[in-house]
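If you use the numbering used here, the sequence shown closes out at 330, no skipped numbers anywhere. For each residue, glycine too, the CB sits at the ideal point set by N, CA and C. Note that the coordinates shown come from a computational prediction; the quantities given were computed from them, not determined experimentally. Taking it in order: structure first as structure tokens, then the write-up.
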Amino acid sequence: MAELLRGAPVAAALNERTAACAAALKESGVIPTLAILRVGERDDDLSYERGAMKRCESAGIAVKNAVLPADVDSAAFFRTLEELNRDPAVHGILLFRPLPPQLDGEKARKLLAPEKDVDGCTDGSLAGVFTNTKLGFPPCTAQAAMEILKYYQIGISGKKAAVIGRSLVVGRPVAMMLMHANATVAICHTRTADVPAIAREADILIAASGQMESVGAEYLREGQTVIDVGIGWNAEKQKLCGDVKFEEAEPYAGAITPVPGGVGSVTTAVLAGHVAEAAQRALERRREAGETV
Numbered sequence: 038m039a040e041l042l043r044g045a046p047v048a049a050a051l052n053e054r055t056a057a058c059a060a061a062l063k064e065s066g067v068i069p070t071l072a073i074l075r076v077g078e079r080d081d082d083l084s085y086e087r088g089a090m091k092r093c094e095s096a097g098i099a100v101k102n103a104v105l106p107a108d109v110d111s112a113a114f115f116r117t118l119e120e121l122n123r124d125p126a127v128h129g130i131l132l133f134r135p136l137p138p139q140l141d142g143e144k145a146r147k148l149l150a151p152e153k154d155v156d157g158c159t160d161g162s163l164a165g166v167f168t169n170t171k172l173g174f175p176p177c178t179a180q181a182a183m184e185i186l187k188y189y190q191i192g193i194s195g196k197k198a199a200v201i202g203r204s205l206v207v208g209r210p211v212a213m214m215l216m217h218a219n220a221t222v223a224i225c226h227t228r229t230a231d232v233p234a235i236a237r238e239a240d241i242l243i244a245a246s247g248q249m250e251s252v253g254a255e256y257l258r259e260g261q262t263v264i265d266v267g268i269g270w271n272a273e274k275q276k277l278c279g280d281v282k283f284e285e286a287e288p289y290a291g292a293i294t295p296v297p298g299g300v301g302s303v304t305t306a307v308l309a310g311h312v313a314e315a316a317q318r319a320l321e322r323r324r325e326a327g328e329t330v
């Protein structure tokens, strides 16, 4: 029977570390603060916002909500984003996307300050992921997958890894992070020939295509570590599931993340950690510039 890689203990460990960092910052007069920029009232945005606020509160991170109506005009939206970029009391900005059609999402992504981009959507943050440097932050979901591997002491160096999915949100960033950890990585996508054969060769399989229950027994071999990033409703709309058919994968896998209760439960803990780190970096920049803290 596969070991279940549950997210809750991983999130708790990250939260403890973030809380300690936030407490130290407060002693230096800095309150790490996340600004959540949301347009409209999408149910998925509201759900994630509630989870993020709860996680930040438990870790000592302050939250500032910047909520705009769904029909906000471009000038008002970009004015709000610029204000958050310039506000020294705001250390991280979470920009909910996609934006409504009247707003230029690509312009927003480029305008967001990389040093405040705690969910890794800007070119600067993605460049930091690819070069393994501290410019911005990795996307939270991609890092959550890596944090699970680290917490459960699953070796990466020298191992073969396969990533199913090439999005900039998970697939490509997590592939780069695995490579930085010295894995040999294959990225599979819609034009890849014989994805199941590639997946079976992997020691670590990351399923991140967003296609619910698309990875079955033919993708798997005994002893693999399977990280299921997907979450959504199955075809019958009866249960939450991931990209992996859990009932088929569990007998093969050496270790596997459940859905729900796996990667998704770690993402907000990663987000809170990014805010604390952004505040620490901002404090260090001020000290280097000779400013009084």
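Assuming the contact rule is C-beta atoms closer than 8 Å, Met-90 and Val-166 should be a hit. Round their C-beta distance to whole Å, please. That pair is no contact at about 26 Å.
In terms of alpha-carbon separation, which member of Met-38, Leu-74, Gly-97 and Val-47 lies closest to Leu-62? When only C-alpha atoms are compared, the closest one is Gly-97.
Check whether Ile-264 and Ile-243 have beta carbons under 8 Å apart: yes
DSSP puts Asn-102 in a beta bridge; with which residues? Ile-73
Proximity winner among Gly-44, Arg-92, Gln-180 and Val-211, relative to Ala-59 (alpha-carbon distances): When each option's Cα is compared against that of Ala-59, the closest is Arg-92.
Identify, in the order they occur along the chain, each residue of the same chain with its Cβ nearer than 8 Å to the Cβ of Asp-315, setting aside the five sequence neighbours on each side. Note on residue identity: the sequence assigns Ala, not Asp, to residue 315. Excluding residues within five positions, the ones whose Cβ falls inside 8 Å are Pro-69, His-128, Gly-129, Glu-152, Lys-153, Val-155 and Phe-174.
So within the region 207-263, which uninterrupted alpha helix (DSSP H) runs reach at least 4 residues, ignoring any that extend past its ends? 208-217 and 232-238
Considering only residues of the same chain and omitting the five flanking positions on each side of Met-249, which have a CB-CB separation below 8 Å? Gly-267, Gly-269, Trp-270, Asn-271, Ala-272, Cys-278, Gly-279 and Asp-280
Determine the burial state of Gln-180: buried for a count of at least 16 other Cβ atoms within 10 Å of its Cβ, exposed for fewer. Around the CB of Gln-180, 16 or more other CB atoms lie within 10 Å, so the residue is classed as buried.
Name, in chain order, the residues that DSSP records as bridge partners for Glu-40. Ala-292
May I ask you to verify whether the region 224-232 touches the region 193-213, counting CB pairs closer than 8 Å and requiring at least 3? yes
Note the first and the last residue of the continuous alpha helix (DSSP H) segment covering Ser-132. The sequence given here places Leu at residue 132; Ser does not occur at that position. No alpha helix (DSSP H) holds Leu-132; the beta strand (DSSP E) holding it covers 129-132.
With a floor of 4 residues, list each alpha helix (DSSP H) that falls wholly inside the region 163-193, ordered by position along the chain. 177-188
Between which two residues does the beta strand (DSSP E) containing Ala-199 stretch? 197-201
Here's the rule: buried if 16 or more other CB atoms are within 10 angstroms of the residue's CB, otherwise exposed. What is Met-38? exposed
Top-ranked residue by Cα proximity to Arg-258, from Lys-276, Gln-275, Ile-293 and Val-300: Ile-293
Contact between the region 297-312 and the region 44-52: three or more CB pairs below 8 Å? Contact between the region 297-312 and the region 44-52 is present, with at least three C-beta pairs closer than 8 Å.
Can Gly-260 and Glu-285 be called in contact, C-beta distance under 8 Å? no
Output yes or no for whether 8 Å exceeds the beta carbon distance between Tyr-239 and Lys-197. First, the amino acid is wrong: residue 239 is Ala here, not Tyr. Their beta carbons are under 8 Å apart, which means Ala-239 touches Lys-197 by this criterion.
Going by the beta-carbon positions, is the gap between Leu-136 and Gly-142 smaller than 8 Å? Against a cut-off of 8 Å, the Cβ pair of Gly-142 and Leu-136 comes out as a contact.
Which residues in the same chain have their Cβ closer than 8 Å to the Cβ of Ala-103, if we skip the five residues on either side of it in sequence? Excluding five sequence positions before and after Ala-103, the CB atoms of its chain that fall closer than 8 Å to its own CB belong to Ala-72, Ile-73, Leu-74, Arg-75, Thr-117 and Leu-121, given in chain order.
Nonlocal neighbours in the same chain, by C-beta distance under 6 Å from Tyr-256, ignoring five residues either side: Hits under 6 Å: Pro-233 and Ala-236.
Residues in the same chain with beta-carbon distance under 8 Å from Ala-17, minus the five sequence neighbours each way, listed in chain order, please. The displayed coordinates of the chain run from 38 to 330. Any statement about residue 17 would go beyond what the structure contains.
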